[in-house]
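Chemist: Sequence positions in the sequence shown follow numbering that gives the first Met the number 0 and run 0 to 428.
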Amino acid sequence: MTVDDSASGADASGGDSPGGDSPGGDSPGGDSPGGSVPGTEPSGGGSSARADSSGGGPGRRQTSDVHPTPHHDVDHTAEPTKDPLAIRLEQLILGADRRYTPFQAARTAGVSMDLASRFWRAMGFADIGQAKALTEADVLALRRLAGLVEAGLLSEPMAVQVARSTGQTTARLAEWQIDSFLEGLTEPPEPGMTRTEVTYPLVELLLPELEEFIVYVWRRQLAAATGRVVQAADDEEMVDRRLAVGFADLVGFTRLTRRLEEEELGELVEAFETTCADLVAAHGGRLIKTLGDEVLFAADDAGTAAEIAMRLIETLANDETMPALRVGISFGTVTTRMGDVFGTTVNLASRLTSIAPKDAVLVDGAFAKELSRTGDAPVSEAEAAEAVAAAEKEGEEPPSYRFALQPMWQRPVRGLGVVEPWLLTRRPA
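Written out as structure tokens, the structure reads:
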């Protein structure tokens, strides 16, 4: 792939360039030397999320991934920092000195400025104009992404999605590590020392260890995700799969926000998310995302999801510091994009959560049917009694059910019509 020298030259002379005013969006930056580029002031997790919400959000294909947006002026305001310590830390973390302007980096990588801007913007990096703030690592990253496109392994829209999903995930991780991890560790160990005096050697020690650990966890997660995909029944199921999807929601959280101090509220949310994440993982589910007072999880089968839901209710009910919990689960076809899940099944699970009683689990009819099909719950208590009687008559071991299902009143659910929820409980041993 070669640089469009004619367009680049025109833009370098001061012409208008497309896309620069939409940080974090997907619209091409054109061949402008001032497209969104990685500098020392990336947009971070929050900014990236806000930009995505304006551009369609994660998982939605954006038309600007394929077609350029109209030309308009670019406001190059995100200048790289000139703070000496910040520059030293940047060099330590990136392992290279600043050498290139965005245009020089794109040209050195053999990539058009248009494509480079799209990649950088998708990764959530701030616009730095034509400051010389890029390194050999930025050039290599461009070469690798463009090489995947040229080799036919990825289409351009897919490469942009890879850049966006990686940028969003790692931005959140980096923000969390700084806010919750390094913040505490860089407290001055002795009176009179400044935090900046201990930050550099601490980062120097932690960086290689954290890097190896992150790669290890990513490989483990990739292996697990790949295993789930190759076990799919057919090609369509690899994207649109049948899953159990559940929401767990703290009751009365809005009232708590008015009563608790900010620090107390933060501790409660962290404890809730940690407890949910641990229980979901331990029992074979996947935590899709956390929303403060609510978590979204998924499981490949109804029995696993039911066990997770009951464990969540039981665990939080025994914690006096936690509000009551309610859970809604549905089973059906789910579309997965960039680690998130979408579709009617997800919407139904959310609606069931909103109408569930305190410390209770509501499921939809499809979930109840699936749970009965796998033998985890009887269709009714009458059926369970008949099965036990038949087994005793034949001198066989009676069936053992883990859960019980009780049909509730049918009710209209906004946007989904009339549904019949089922109350899920544990069956006495």
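In this text, a Cβ means the ideal position worked out from N, Cα and C, and glycines have one as well. Computed from a prediction, not measured in an experiment: that's the story for all the values here.
Does the stretch 349-358 come close enough to the stretch 318-335 that 3 or more CB-CB pairs lie under 8 Å?
Modeler: They touch, by the three-pair rule.
Chemist: Could you check the C-alpha separation between VAL128 and GLY342 for me, to the nearest Å?
Modeler: In the sequence as presented, Val is not what sits at residue 128; that position holds Gly. Distance between the alpha carbons of GLY128 and GLY342: 40 Å.
Chemist: Can you name the start and end residues of the beta strand (DSSP E) that LEU295 belongs to?
Modeler: Per DSSP, LEU295 belongs to the beta strand (DSSP E) from 293-298.
Chemist: Roughly how far, in whole angstroms, is the beta-carbon of ASP292 from the beta-carbon of PHE252, given that I think they are within contact range, below 8 Å?
Modeler: Confirmed, about 4 Å.
Chemist: Are the beta-carbon atoms of ALA316 and ILE307 separated by less than 9 Å?
Modeler: No. Outside cutoff.
Chemist: How is the alpha helix (DSSP H) around LEU88 delimited, first residue to last?
Modeler: It spans 83-93 - the alpha helix (DSSP H) in which LEU88 sits, taken as one unbroken run.
Chemist: Going by beta-carbon coordinates alone, are PRO103 and LEU133 separated by less than 9 Å?
Modeler: The question names Pro, yet the displayed sequence has Gln at residue 103. Contact: yes.
Chemist: Measuring straight from C-alpha to C-alpha, what distance separates LEU295 and PHE366?
Modeler: Rounded to the nearest angstrom, the two C-alpha atoms are 16 Å apart.
Chemist: Please say whether PHE402 and ARG372 have beta carbons closer to each other than 9 Å?
Modeler: The answer is no: Cβ separation not under 9 Å.
Chemist: Output needed for VAL441: all residues of its chain with C-beta closer than 8 Å, excluding positions within five of it in sequence on either side, in chain order.
Modeler: No statement about residue 441 is possible, as the shown extent of the chain runs from 0 to 428 and does not include it.
Chemist: Suppose only complete runs of 3+ residues qualify. What are the beta strand (DSSP E) ranges in the stretch 343-369, listed by chain order?
Modeler: Those beta strand (DSSP E) runs which fall completely within the stretch 343-369 and span 3+ residues are 359-362.
Chemist: Quick one: residues in its chain with C-beta nearer than 6 Å to the C-beta of ALA281, no 5 flanking neighbours on either side, listed in chain order?
Modeler: Excluding positions up to five away in sequence, the list is empty.
Chemist: Should the stretch 385-396 be regarded as contacting the stretch 257-274, the criterion being three or more beta carbon pairs within less than 8 Å?
Modeler: No contact exists between the stretch 385-396 and the stretch 257-274.
Chemist: Do LEU278 and ARG310 have their CB atoms nearer than 9 Å?
Modeler: Taking 9 Å as the Cβ cut-off, LEU278 and ARG310 qualify as a contacting pair.
Chemist: Could you give the DSSP three-state label for PRO406: helix, strand or coil?
Modeler: Looking at PRO406 - three-state DSSP - the assignment turns out to be strand.
Chemist: Whole angstroms is fine: what's the gap from GLU382's alpha carbon to ILE213's?
Modeler: Cα to Cα, the separation comes out at about 50 Å.
Chemist: From this set, THR335, ILE177, ARG219 and VAL216, which residue's C-alpha is nearest LEU201's C-alpha?
Modeler: Of the candidates THR335, ILE177, ARG219 and VAL216, the one whose C-alpha sits nearest the C-alpha of LEU201 is ILE177.
Chemist: Look up ASP248 in the DSSP assignment and say whether it is helix, strand or coil.
Modeler: Here ASP248 sits in strand by DSSP.
Chemist: Please go through the same chain and pick out, in chain order, the residues whose beta-carbon is closer than 8 Å to the beta-carbon of ALA276, but skip the five residues on each side of it.
Modeler: The residues are LEU286, THR289 and VAL294.
Chemist: Who are the near neighbours of PRO398 in its chain, counting only those whose CB is closer than 6 Å to its CB and skipping five residues on each side?
Modeler: Counting only Cβ-Cβ distances below 6 Å, and skipping sequence neighbours, we find ALA386.
Chemist: Which same chain residues end up closer than 7 Å to LEU144 when comparing Cβ atoms and leaving out the 5 residues on each side of it in sequence?
Modeler: Excluding residues within five positions, the ones whose Cβ falls inside 7 Å are PHE118, ALA158 and ALA162.
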